[in-house]
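S.K.: First to last, the sequence lines map onto chains W and F.
Every letter in the first sequence is one number past the one before it in this note's numbering, and letter 41, counting from 1, is 41.
Every letter in the second sequence is one number past the one before it in this note's numbering, and letter 584, counting from 1, is 952.
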Amino acid sequence: MSETQKVKQPKGVVLDHISKIYQDPKTGKNFYAVHDVSLEMAPGSFITLLGPSGCGKTTTLRMIAGFESPDEGEIYLGGEPINALTPNKRDTAMVFQSYALFPHYNVFDNVAYGLRLRKVPKPEIERRVKNILELVELSGMEQRMTNQLSGGQQQRVALARALVVEPGVLLFDEPLSNLDAKLRVQMRTEIRRIQQQLGITAIYVTHDQSEAMAISDQIILMRKGVIAQMGSPLDIYYHPNSEFVADFIGECNFLKGFAKKTWEGITEVELDAGIARVKADHIPDEGARCEIVVRPEAIVIGRTGDLPCTVELSCFMGSYQNYHVRVGDTLVKITDNCPINKEIFQVGEQVFISFAPECAHLLDQIEE
Amino acid sequence: MSQKQSASLDRKKFFADPVMVSTIILLIVFLAVFILYPLAILLVDSIYSNKTGITAQFFSGIFGEGAFATSLWKALLISVPALLLSILGGSALARAEKSSQNGTVQSLCRIMPPLGLILPLLAAAAYTLAVFDNRGSVAVFLQQAFNGGAGACLLIALVQAVILTPLCYRLIDGVTRLSVTAARDAAEEKALQHKQLMRNVILSLVVFGVNLLMIVFLYASVHGKYSFIVAISNTLKVGFLVGILSAGVGLLFAYVEVYVKVRTRFMSGLFKVVSMLPVVSPPFVLSLSMIMLFGKAGIITRHLLGIYDNDVYGFWGIAIVQTMTFFPVCYMMFRGLLKNIDPSMEEAARDMGASRMKVFTTVTLPLLLPGIGNAFLVTFIESIADFANPMIIGGSYDTLATTIYLQITGAYDKNGACAMAVVLLAITMLMFAVQKYVLERKTAATLTGKASRMRMLIEDKSVTIPLAILCSLMALFVVLMYVCVPFGAMFKTWGRDFTLTTKWFEQVFTKYKGLKAFQDSFVLSIISAPITALLSMIISYLVVKRKFKAKGFIELVSMLAMAVPGTVLGIGYIRGFAGGMFHTGFLQGIYGTGVILVIVFVVRSLPTGTRSGISALRQIDKSIEESAYDMGAGSLKVFTSVTLPLIKDSFLSGLVTAFVRSITAISAIILLVTPSYLLITVQINEFAEKGSYGIACAFATILIAITYGAVLLMNLVIRFFGTSRKTKEVE
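See below:
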């Protein structure tokens, strides 16, 4: 008894130069769904694979679960190579997008399924299922059939079913995409709470950047089968390494210009409309083409400022005022929070924008 | 108040649409006259004759001479006390469970619910075996019991009581739990319990009824009319076996197609052929080739294996031929079901540590279970209604359908035939009701999920290769059976003289009026096909898109026709129209003409057409038609300008299916055809019965060519003029 009560050690996952090749059903050509992906996921951390559809994130997850086998590279789970293992032999448990609950079983039997396969004695199954249902706040629903549950409850059952077997790694395949917006926010908090409580390793696939930011320790942003950037949510949001990453994570403005001199970590960039100042991670070549990445909420609009512009759209959104202004040739989006305290500018007005150097980010390797 | 107003408004709107009202009235009249009336007349004929008035003698004639009522009475006498006893026992147990803490009582109660299901099933199986083993020891024992042995009666009652007690316990337990829940006042839980209770009540009634019926059958198996008792036990035996075999083979094929990676051209071609066969296959064909391949002079038995006296006629012949005829239907059903299973469900099981076998037994199979029951019943119905195959390959092994046919064409025992037809109809109706209202719904309830992503196919060579080989062999065997027919028509004497000849084809046209036969069959079918297609489209349109009072009636009757065996319908038409409706001479004119043949064709193909029409129409968004109404189109205009073009493909395939079904129909037609019409299928039957396989094969070959040509033509037309092409181009 005492042995089973002990929380199992979470396992880390390592992907070593993983590639997966698919055949395009229309053209018959081979292409890389996942190309040379290497990763290290620490035990007990919450990692999110984020990216637009078709970027290879689900394929990567399914390779870890064992439903697809990589064409190149090796996957390690808790230090052991697992490429040769079938899904039922791997110490992973997955929560599916469609929940994949068994409609012919009730809640209890659904959750107990994995334990029964492991030949766990009956009283212990009952105890563990009871505990886990308590954890996901579904106590008393044991005898319900799955079609008598709401979407959120079904989601909890799916989670409980995966958790109850105490897997080394918990996998989530866009688990919240079938829920409505409010429930989604509630459930992601729940998932994060449970993951922290159990200290389990979790790998989470989503295309929703706000979801990714809310729950992850680490985000891995993928694009066309390769990793575009990885890092903490804060890191990825404020220091995107490419236009793609910046654009994918939240709304973003790009101001094109030429780098001028840099001192005390601040680079001056010459734009069409004027000079802007950016905090630089490194010193760009003088005169190089570069881009300033700045978030809409980081821009201040006012009667005075650095860059002159014309208001093209002014729209009250409740918690903020939404502006589109024209700076030179570039359209810049601005969200001005709590507009009731401030002056509201009308379309056609000539105003100025400015932003603090540390709120903006400089990209000097521009994709053409 | 407002509800009343809107109802009257609805009515006003409804009657403002004269086209629809008159269509509905015409439809109701058609269905009533040509489906319900013949069946009603059968019932009347089986209990009424001019000489004796209303009498049960025809039923007692087939069930047991004069003693039918007595046996029923005695069965009741045994069963009712048994039921009372078991109710007492059940309630005593339920009370004991509440009050005592005795371990044995508790454990006894725990095994009661499953026993309540298992015991009646076991009993039913035992009874079935006893009925099959006609005039066997059980029956003799029962006979003695009925003849007055009080001890034997008591024993039967006790056995029945034991069988029924767990069921009663289930019931009473359900009631007490219900009252407890009522006190707690949880509405949802209560509804659930209510449902469970109702299920239990129905279950126990069914078990009780089956018990009673089985006793009657057992009694009848001793006293009943010999030909009927043999026929019914033969029919049920074949039906059970064919149902199980077809469902099994169909499941295997579907599983291989959906789950296993066997993507060679050859295999997918084979699977396509197998799925097409039931559409283009005329009856007899498999029986014919079975005889030619495995009969006394069969190529395989005699020339390959050197067996000279192989007997293909009889039970196994029918069972194999029917399995091969009907399993493609099961295959198509299972394919649809398996494709609807969300693959992530199986992946979830696999992810939690289940092996492939375990996934199949704990997830896939339970999900399919209602579907398997469904497939079994559908083939069971088809099998017991099948006339053509038992006729050719049955030999002296008579089934109900052939017995009825012989009864009316040979013995002229019209009332007896009617009574048998009613029994056959009752069996198919019961099965149909179970299939339609219990299993089909259950299947839909468990398998509503759409596949969320592509299924990972099984690539493991140790699985794929044996399965692929098994399926290919079976499919090749089926194809061989079909190919055998044209070859049969090309050799001089099958089994003896294998020189190529065109003699049989020539004889078809010179000696046996082949041209007239083809002309008659072709013309009648080509007339009935558009009628059927249009009628089934109208019915499905009304059923899916409109609301009116008689809708339930129209839907039910047009679906009911599916459960009516052709032989039964044929006899109904003979009895119903030979002397005009209700023997008044009204509509007598159509009897013996082509009109009644066309009507039979239409009625026989209507259910399949309606079914596919309904599923096609359900896919069209209601708002498309509503916008047409909104812009001022009448209901006829909406149907012709919007609905019909959208379901053009389905309409076309319905047209061809109706044509193929009509030109290959036999069971009802053979009873109604007159010498002024020569039909191909009737000709084939005649020559095959006579043993002139060359001629029969020649006829069958040309028939296959016609049906296959029709299907090819349909595919061509759909490819170039169909709606699906246009919508695809837009994409």
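We put the beta carbon where it would ideally sit given N, CA and C, even for glycine.
The structure presented is a predicted model; accordingly, all values stated were derived computationally and were not measured.
What is the DSSP secondary structure of residue 1016 of chain F, reduced to helix, strand or coil?
M.R.: Of the three classes helix, strand and coil, the one that applies to residue 1016 of chain F here is helix, per DSSP.
S.K.: Look up residue 253 of chain W in the DSSP assignment and give the residues it is bridged to.
M.R.: Answer is W/294, bridged to residue 253 of chain W.
S.K.: Whose C-beta lies closer than 7 Å to the C-beta of residue 736 of chain F among residues of the same chain, with five residues either side of it excluded?
M.R.: So the qualifying residues of the chain are 705.
S.K.: For residue 828 of chain F, collect the residues of the same chain with a Cβ closer than 7 Å to its Cβ; drop the 5 residues on either side in sequence, then sort them by chain order.
M.R.: There are no such residues.
S.K.: What residues from chain W crowd round residue 715 of chain F, counting only those whose CB sits closer than 9 Å?
M.R.: 62, 65, 67, 87, 94, 96, 100, listed in chain order.
S.K.: Can you check which of these residues, F/690, F/853, F/394, is closest to residue 1069 of chain F by C-alpha distance?
M.R.: For the residues F/690, F/853, F/394, the minimum Cα distance to residue 1069 of chain F belongs to F/853.
S.K.: Give a yes or no on whether 8 Å exceeds the smallest Cβ distance from residue 734 of chain F to chain W.
M.R.: By this cut-off, residue 734 of chain F is an interface position.
S.K.: Would residue 306 of chain W and residue 276 of chain W be called neighbours here (beta carbons separated by less than 8 Å)?
M.R.: Yes, these two residues count as a Cβ contact at 8 Å.
S.K.: In terms of DSSP beta bridges, what is residue 93 of chain W paired with?
M.R.: In DSSP, residue 93 of chain W forms a bridge with W/170.
S.K.: Based on the DSSP secondary-structure assignment, which residues constitute the bridge partners of residue 22 of chain W?
M.R.: In the DSSP output, where bridge partners are listed per residue, residue 22 of chain W has W/31.
S.K.: Is there a C-beta anywhere in chain W that falls below 8 Å from the one on residue 725 of chain F?
M.R.: No, residue 725 of chain F does not count as interfacial toward chain W.
S.K.: Please list the residues of the segment 157-171 of chain W that have a C-beta atom closer than 7 Å to any C-beta atom in chain F, keeping them in chain order.
M.R.: So the list reads 165, given in the order they occur along the chain.
S.K.: Using 8 Å as the threshold, is the C-beta distance between residue 188 of chain W and residue 170 of chain W below it?
M.R.: Result no, Cβ atoms of residue 188 of chain W and residue 170 of chain W do not sit closer than 8 Å.
S.K.: If you run the structure through DSSP and keep just helix, strand and coil, what is residue 1003 of chain F?
M.R.: Helix.
S.K.: Between the C-alpha atoms of residue 356 of chain F and residue 653 of chain F, what's the straight-line distance to the nearest angstrom?
M.R.: Examination of residue 356 of chain F is not possible in this model, given that chain F is present from 369 through 1099 alone.
S.K.: Please tell me whether residue 114 of chain W has its Cβ less than 8 Å away from any Cβ of chain F.
M.R.: It does; some Cβ of chain F falls within 8 Å.
S.K.: If you draw a straight line from the alpha carbon of residue 314 of chain W to that of residue 338 of chain W, how long is it in whole angstroms?
M.R.: Those two C-alpha atoms are separated by around 14 Å.
S.K.: Are residue 1063 of chain F and residue 1049 of chain F touching if we call contact CB-CB under 8 Å?
M.R.: No, Cβ-Cβ distance for residue 1063 of chain F and residue 1049 of chain F is not below 8 Å.
S.K.: Relative to the C-alpha of residue 844 of chain F, which candidate in F/606, F/768, F/641, F/912 has its C-alpha closest?
M.R.: Residue 844 of chain F has its Cα closest to that of F/641, out of F/606, F/768, F/641, F/912.
S.K.: What is the DSSP secondary structure of residue 199 of chain W, counted as helix, strand or coil?
M.R.: Residue state, collapsed to three classes: coil.
S.K.: Is the Cβ-Cβ distance between residue 450 of chain F and residue 523 of chain F less than 8 Å?
M.R.: No, these two residues do not count as a Cβ contact at 8 Å.
S.K.: Just to confirm my understanding: we take residue 1083 of chain F, look at its own chain, exclude 5 residues before and 5 after, and list those with CB closer than 6 Å. What are they?
M.R.: Excluding positions up to five away in sequence, the list is empty.
S.K.: For residue 614 of chain F, which residues from the same chain have a beta carbon less than 6 Å from its beta carbon, with the 5 sequence-adjacent residues on both sides left out?
M.R.: If we look at residue 614 of chain F and ignore the five residues flanking it on each side, its Cβ neighbours are 691, 694, 695, 698, 747.
S.K.: May I have a chain-ordered list of the alpha helix (DSSP H) segments no shorter than 4 residues that lie completely inside the segment 839-874 of chain F?
M.R.: Counting only runs of 4 or more, we get nothing.
S.K.: Any chance the segment 282-302 of chain W sits against the segment 334-350 of chain W, with 3 or more Cβ pairs inside 8 Å?
M.R.: Contact between the segment 282-302 of chain W and the segment 334-350 of chain W is present, because at least three Cβ pairs lie under 8 Å.
S.K.: Taking 8 Å as the threshold (beta carbon to beta carbon), is residue 722 of chain F in contact with chain W?
M.R.: Yes - at least one Cβ of chain W is within 8 Å of the one on residue 722 of chain F.
S.K.: In this structure, how does DSSP classify residue 385 of chain F when only helix, strand and coil are distinguished?
M.R.: Coil at residue 385 of chain F, not helix or strand.
S.K.: Hey, how far is the Cα of residue 718 of chain F from the Cα of residue 657 of chain F?
M.R.: Residue 718 of chain F and residue 657 of chain F: Cα-Cα distance of roughly 45 Å.
S.K.: Can at least three beta-carbon pairs, one atom from the segment 1051-1063 of chain F and one from the segment 870-883 of chain F, be found at a separation below 8 Å?
M.R.: Short answer: they touch.
S.K.: At least one CB of chain F closer than 8 Å to the CB of residue 198 of chain W: is that the case?
M.R.: No, no contact with chain F.
S.K.: In the DSSP assignment, find the unbroken alpha helix (DSSP H) run with residue 699 of chain F in it and report its ends.
M.R.: It spans 683-708 - the alpha helix (DSSP H) in which residue 699 of chain F sits, taken as one unbroken run.
S.K.: What does the alpha-carbon distance come out to for the pair residue 399 of chain F and residue 595 of chain F?
M.R.: Straight-line Cα distance between these residues: approximately 33 Å.
S.K.: With distances taken Cα to Cα, identify the nearest neighbour of residue 536 of chain F among F/606, F/983, F/452, F/884.
M.R.: Checking every option, the nearest Cα to that of residue 536 of chain F belongs to F/452.
S.K.: Give me the chain W residues within the contact set of residue 731 of chain F, using Cβ-Cβ distance strictly less than 7 Å, ordered along the chain.
M.R.: The contacting residues are 102.
S.K.: Let me know if residue 662 of chain F comes out buried or exposed under the rule of 16 or more other beta-carbons within 10 Å of its beta-carbon.
M.R.: Residue 662 of chain F should be labelled buried.
S.K.: For residue 168 of chain W and residue 89 of chain W, I'd like the C-alpha separation in whole angstroms.
M.R.: Rounded to whole angstroms, residue 168 of chain W to residue 89 of chain W spans 12 Å at the Cα level.
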